[in-house]
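Position in the sequence shown (from 1) plus 295 gives the number in the numbering used here.
By construction, the Cβ of each residue, glycine as well, lies at the ideal position given by its N, Cα and C atoms.
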Amino acid sequence: MAQQFDVVVIGAGPGGYVAAIRAAQLGLKVGIVDAWKNAKGGPAPGGTCTNVGCIPSKALLQSSEHFEHAAHAFGDHGITLDNLAIDVPKMIARKDAVVDQNNQGILFLFRKNKITFFHGLASFVKTGAEGTEIKVTGAKDEELIAKNVIVATGSNARALPLAAFDEEKVLSNDGALRVGAVPAKLGIIGAGVIGLEMGSVWRRLGADVTVLEGLPTFLAAVDEEVAKEAHKQFTKQGLKIELGVQISEVKTEGEGVTIAYANAKGEAQTLAVDKLIVSIGRVPNTNGLNAEAVGLPLDERGFVVVDEDCKTSVPGIWAVGDVVRGPMLAHKAEEEGVAVAERIAGKHGHVNFNTIPWVIYTSPEIAWVGKTEQQLKAEGVKYKAGKFPFLANGRARALGDTTGFVKFLADAETDEILGVHMIGPLVSELISEGVVAMEFKASSEDIGMICHAHPSLSESTKEAALAVLGRTLNF
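Rendered as structure tokens:
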């Protein structure tokens, strides 16, 4: 006999598990289905973010940053180390432990909030007056009926047509997180977030890293001034970045991979590497969902079609996160998940796409929210810009990292903040001040008048805001 729920969530990634928890908090009977498995075959909720994305990549970034600091920065602090070495299997084991802790934490939250968890693959059967029927295929098959369904099935890595992922030599983000030894030569196709973060991990540990990007511009979505500084710093660190390339062939022969491509000048080039990471974007995951059984519409790119409230055209079926339009960001999925749970419960969920922050966790970190200068120029918006370098920040000097700057963009007439852009140490944490300011429609003067702790990196946000007004204190 089918189990009945007020809400069934398909997918336990950031959008799904947060939606389930919020719906349960609002008094609804909730079930959630997820097919991820750990190495032992047990449940591993958390989706791409927890298992092969945000969390494990940050664990490796932290480990590799420690190694690089020990090799190149500790001496400045009077710390001497002999015979420095990296134990890659132990580093990977620590990463796996961090992932498992997050998996177990999510399962604990399900139990705490009385959410019924089903480990298996969910597929639609039919929908009708009683609700939507869902089949769960797993160790134990189940039948569920839900008044409301939230599809939160996430996304998969986009494969290069010339070379399928084998996760041994040609790697997706999944394989890139499981490399067992530092490759002597590493190739990366795609200079986006994943490519730059994974390139940074293995470059710090000693790999010779070459990044091939098809676009003629570096980090095209980022503020041009920030992107220019990032390119300079990454090149200085040793990342070899080629823009405007066209890949013609990828061969996996012997122990490595050979990539044939034309550079920006049209000249034929060959790159031989031990491993190749392909990070050319992601595609929505509707594999096995059986969307046609309930008439769930997908667009030409495979995304579930939703309105501004994340509601599909099928009564009682919603969708959030990577499987719908908008940026493929874990925190965007979480915001949508909470909003949909509240809408189902008769409340007013809120998501402001204009104040969703972006972060690239390289060193230096890159973070931004709102409009870039190039966007404002293209839209004909009159604005003022203010910038302040970390070179003039006492806390940054004490940290030993004065790379980068903070930049504010504000409306020329009203002074309302239109965008905040940062590159430098720990800006992934600093960007939240810009998000709060923009959410409450603050002016640059508002930020400039707020007392910031001294010494702190956040003083640079204050000074950048004051720079919009032409009155920085430290210059």
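Taking C-beta separations shorter than 6 Å and ignoring five residues to either side along the sequence, the partners of Cys349 in its chain run Ala625, following chain order. Looking from the CA of Arg620, the closest CA among Lys606, Val601 and Gly415 belongs to Val601. Here Leu713 carries a strand assignment [DSSP, helix/strand/coil]. Taking C-alpha positions only, Asn378 is separated from Ala366 by approximately 10 Å.
The Cβ atoms of Phe700 and Ser739 lie no closer than 7 Å to each other. A direct Cα-to-Cα measurement between Ala388 and Lys353 gives close to 14 Å. Taking a cut-off of 8 Å for Cβ pairs, the segment 489 to 508 and the segment 591 to 610 do not touch, as fewer than three such pairs fall below it.
Look at Ile612 here: in three-state DSSP terms it is strand. Annotation: Gly494 to Thr512 spans about 18 Å, alpha carbon to alpha carbon. The beta carbon of Pro478 lies closer than 6 Å to those of Ala502, Asp569 and Lys570 in the same chain, with the five residues before and after it left out. Annotated three-state conformation of Tyr312 is helix, per DSSP. Taking C-alpha positions only, Ile440 is separated from Thr411 by approximately 13 Å. Taking 7 Å as the cut-off, the Cβ atoms of Val517 and Leu457 do not count as close.
Listed in chain order, the non-local C-beta contacts of Leu671 below 8 Å within the same chain comprise Tyr678, Leu704, Leu713 and Gly714, local neighbours out to five positions each way being set aside. Counted as a single uninterrupted DSSP element, the alpha helix (DSSP H) harbouring Glu728 occupies residues Val722 to Glu734.
Taking a contact to require three or more Cβ pairs closer than 8 Å, the segment 338 to 346 and the segment 303 to 317 qualify as touching. Cα atoms of Ile316 and Phe405: separation of roughly 7 Å, rounded to the nearest angstrom. Secondary structure of Thr650 (DSSP, three-state): helix. Under the three-state reduction of DSSP output, Asn346 falls in the helix class. The segment 328 to 409 contains no complete beta strand (DSSP E) run of 3 or more residues.
Distance between Leu538 and Asn558, taken at the CA atoms: about 7 Å. Within the segment 398 to 473, the runs of beta strand (DSSP E) that reach at least 3 residues and sit entirely inside it are, in chain order, 411 to 423, 426 to 433, 437 to 446 and 450 to 452.
About 5 Å separates the Cβ atoms of Ile445 and Ala314, confirming a contact at the 8 Å cut-off.
Under a 10 Å Cβ-count criterion, Asn688 is classified as buried, with 16 or more other Cβ atoms of the shown protein chains found around its own Cβ. Distances from the alpha-carbon of Ile401 to those of Asp301, Ala567 and Pro338 put Pro338 closest. With a threshold of 16 other beta carbon atoms within 10 Å, Arg766 falls short and is exposed. Boundaries for Glu674: no beta strand (DSSP E) harbours it, and the DSSP string shows neither H nor E there.
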